[in-house]
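Q:
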Amino acid sequence: MAEFDLKKFYTSKREYLNPRTGKLRKGFVRISFQEFSDWVAAAGSPERCHYCGTSSGQCAKLFELQDGGNRYQATRGGRRGRRLELDRRDASKAYDELDNLVWCCYWCNNAKSNFFTEDEFMPVAKAIGQALSLICEQGNPK
Ligand SMILES: [Zn+2]
């Protein structure tokens, strides 16, 4: 993945309690950058969505398609979707349980949410992957 700053990504995934809103963003609590970095080295760099197989290059293309043509901007105001994200396969486990983490695309992360189990989500992911692949080939609708 080009221009992927692992340290910056790790920092953005630290658990954070917003003092203004009181809202907790779940993330790493005890895992150090080195432990995360070792996990990435073992798990592989973020190249493809664990669920649907969409590549990081396809994610970037899908993200850019939102800026032109008649496709609605759907990636949370452009804050997400450009690259693969981390997902907890079992959302009841903490981010610190590294063997529970996988790289996945924004579209799968958003659709899976904390509702589907990994097994329940796989047929949905297959359909998402097919649709995203088709969009990458055909571009925006006319
Ligand atoms: Zn996906």
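When we follow the UniProt record's numbering, the leftmost residue of the sequence shown carries the number 1, and every step to the right adds one. Just so you know, even glycine gets a beta-carbon here, dropped at the ideal spot from N, CA and C. The structure presented is a predicted model; accordingly, all values stated were derived computationally and were not measured.
Over the uninterrupted alpha helix (DSSP H) stretch that includes residue 65, give me the two end residues.
A: Here the alpha helix (DSSP H) through residue 65 covers 56–65.
Q: Comparing alpha-carbon positions, which option in 72, 134 and 98 lies nearest residue 31?
A: The shortest Cα separation from residue 31 among 72, 134 and 98 belongs to 98.
Q: Please identify the residue among 20, 28 and 44 whose C-alpha is closest to the C-alpha of residue 10.
A: Nearest C-alpha to residue 10: 28.
Q: On the criterion of 16 or more Cβ atoms from any shown chain inside 10 Å, does residue 2 qualify as buried, or is it exposed?
A: At residue 2 the pLDDT is 42, less than 50, meaning the model places this residue with poor confidence; the figure from the coordinates comes in the next sentence. Its Cβ having fewer than 16 others within 10 Å, residue 2 is exposed.
Q: Which of the three DSSP states is assigned to residue 123 in this structure?
A: Residue 123: helix per DSSP, three-state reduction.
Q: Within 10 Å of its beta-carbon, does residue 26 have 16 or more other beta-carbons around it, so buried, or fewer, so exposed?
A: It counts as exposed.
Q: Residue 90 by DSSP, collapsed to three states: which one?
A: Residue 90 falls in the coil class under three-state DSSP.
Q: Report yes if the C-beta distance between residue 129 and residue 54 is below 7 angstroms; otherwise report no.
A: Yes, Cβ-Cβ distance for residue 129 and residue 54 is below 7 angstroms.
Q: Of all the options 82, 77 and 125, which has the alpha carbon lying nearest to the alpha carbon of residue 56?
A: Of 82, 77 and 125, the residue nearest in Cα terms is 82.
Q: When you compare only the Cα positions, how much space is there between residue 45 and residue 134?
A: Using only the alpha carbons, I get a separation of about 24 angstroms.
Q: Which of the three DSSP states, helix, strand or coil, is assigned to residue 4?
A: In this structure, residue 4 counts as coil in the three-state DSSP scheme.
Q: Of the residues 114, 85 and 65, which one's Cα is nearest the Cα of residue 5?
A: The candidate whose alpha carbon is nearest that of residue 5 is 85.
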